[in-house]
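What follows is a short report on a single structure.
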Amino acid sequence: MLDANIKKQLDTYLQNIVNPIEITVSVDESAKAKELLNLCQEIAGLNDKISLKTLTDGSERTPSMAIAPVGEKPRVRFAGIPMGHEFTSLVLALLQSGGYPSKADAELIEQARQLQGEFHFETYISLSCQNCPDVVQALNLMAILNPNVTSVMIDGALFQEEVTERQIMAVPTVLLNGKPFGQGRMTLKEILSKVDSGAAQREAAALSEKDPYDVLIVGGGPAGAAAAIYAARKGIRTGIVAERFGGQVMDTVGIENFISVNYTEGPKLVASLEQHVKEYEVDIMDNQRAKKATS
Ligand SMILES: Cc1cc2nc3c(=O)[nH]c(=O)nc-3n(C[C@H](O)[C@H](O)[C@H](O)COP(=O)(O)OP(=O)(O)OC[C@H]3O[C@@H](n4cnc5c(N)ncnc54)[C@H](O)[C@@H]3O)c2cc1C
């Protein structure tokens, strides 16, 4: 299933696993289930901190694989075979479940750990979707960090009845506790903002404490970010209200001929825009926080 080169690279990555993990693979007699079992056996064969258990009772989506620290109930699951663009999601889930720290912002990690309530995320993807892995990886990380969260990636191509029944029209589509939650690329920060209502209240209170803005720009795409930077450079107290910082660029992988840049990628460009805006002490807030704040 894995070629020699990928196996070698994976072997190197998996050496970062600190604590033992278990893969539970749910299989039947189908060819796809055999393929998934084969993949899981190859992975488990690479590292003695990884053990493998097989389920054939049909209690979970089949074929699927779940990953968890040994002795814990799995909270991260892949329904289908996480190859293609989701292979990185699989590798990260193995590493992070095994105690390898995420590179996500420390504040976001703490926010995910502190989330109260029950959150069961189901993410419909396709293996050729470039926007899907970010969403799967953010939700998997939340599930690894917080015992109240579970995350399952579902390859729509293998679970077409569900896709039809739940009227999934695009990927990624995320359901939370069985209800529509969102579509398209979403960052960990955006997902946390949507589910952590306490955070909106806390941030709105902090905003209310600040002096009023001279200029409040609505929109956080390239145009809004540029307007904010130019205003703030002149010493004007500036804020940005945006449903989604980054705008359309968040949905783009390859960007060509963006002003002064021959080629870049959406997430890279948004990260650099955000850093630039913050250097000029421009506050970025979403509509919910802006509405709740009083100044
Ligand atoms: C798939 C794709 C590929 C692309 N490739 C390229 C490329 O290669 N090169 C290139 O130069 N361009 C490319 N573009 C176009 C480029 O992304 C856009 O031209 C650019 O993002 C426009 O910037 P903008 O700031 O005007 O608007 P947008 O990026 O659309 O930003 C709008 C902002 O307004 C916010 N907003 C909207 N309504 C509200 C509301 N009611 N309340 C609060 N906030 C709101 C949004 O959340 C967002 O922050 C591509 C676009 C896409 C979708």
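The numbers in the sequence shown follow our numbering, run straight up by one, and end at 301. All C-beta atoms, glycine included, are put in the ideal place defined by N, C-alpha and C.
- The residues 144, in chain order, have a CB closer than 6 Å to that of residue 197 in the same chain once the five nearest residues on each side in sequence are set aside.
- DSSP, reduced to helix, strand and coil, places residue 86 outside both helices and strands of the structure shown, so it counts as coil.
- CA-to-CA, the gap between residue 234 and residue 252 works out to about 13 Å.
- Annotation for residue 236: no beta strand (DSSP E) segment contains it, though the alpha helix (DSSP H) segment containing it runs 228–239.
- Excluding residues up to 5 positions away in sequence, 31, 32, 42, 83, 84, 85, 86, 158 lie with their Cβ nearer than 8 Å to the Cβ of residue 70 in the same chain.
- C-alpha of residue 178 to C-alpha of residue 287: approximately 33 Å in a straight line.
- Note: residue 126 is bridge-paired with 156 in the DSSP secondary-structure output.
- Beta-bridge analysis with DSSP links residue 264 to 267.
- Following the DSSP letters along the chain, one finds residue 59 inside the beta strand (DSSP E) bounded by residues 56–61.
- With a beta-carbon spacing of about 32 Å, residue 24 and residue 130 fall beyond the 8 Å limit used to define contacts.
- DSSP places residue 245 in the strand class (E or B) of the three-state scheme.
- Taking residue 68 as the centre and dropping the five residues before and after it, the same chain places the C-beta of 32, 33, 34, 39 closer than 7 Å to its C-beta, in chain order.
- When 153, 90, 183 are compared, the shortest CA-CA separation from residue 121 is found for 153.
- The alpha helix (DSSP H) runs of length 4 or more contained entirely in the segment 7–42 are, from start to end of the chain, 10–20.
- Counted as a single uninterrupted DSSP element, the alpha helix (DSSP H) harbouring residue 297 occupies residues 293–298.
- The beta strand (DSSP E) runs of length 3 or more contained entirely in the segment 97–141 are, from start to end of the chain, 125–131.
- The DSSP-derived three-state label of residue 180 is strand.
- Runs of beta strand (DSSP E) with 3 or more residues, each lying fully within the segment 190–226, are found at 221–224, listed in chain order.
- A Cβ-Cβ contact shorter than 7 Å links residue 128 with residue 181.
- Residue 102 is classed as buried because its beta carbon has at least 16 other beta carbons within 10 Å across all chains shown.
- Counting the other Cβ atoms within 10 Å of the Cβ of residue 293 gives fewer than 16, which makes it exposed.
- Distances taken from the Cβ of residue 244 to the heavy atoms of ligand 1 include none shorter than 6 Å.
- DSSP places residue 162 outside both helix and strand once states are collapsed to three, so it counts as coil.
- Between residue 230 and residue 246, the gap from beta carbon to beta carbon is short of 7 Å.
- Proximity of the beta carbon of residue 190 to ligand 1 is not indicated: no heavy atom of the ligand is located closer than 6 Å.
- Just measuring C-alpha positions, the residue of 226, 232, 240 sitting nearest residue 249 is 226.
- Between residue 73 and residue 99, the C-beta gap is smaller than 7 Å, which places the two residues in contact.
- In summary, residue 117 is buried, with 16 or more beta-carbon neighbours lying within 10 Å of its beta-carbon over all protein chains present.
- DSSP places residue 174 outside both helix and strand once states are collapsed to three, so it counts as coil.
- By the beta-carbon neighbour count (other beta carbons within 10 angstroms, threshold 16), residue 81 is buried.
- With 16 or more other Cβ atoms inside 10 Å of its own Cβ, residue 160 counts as buried.
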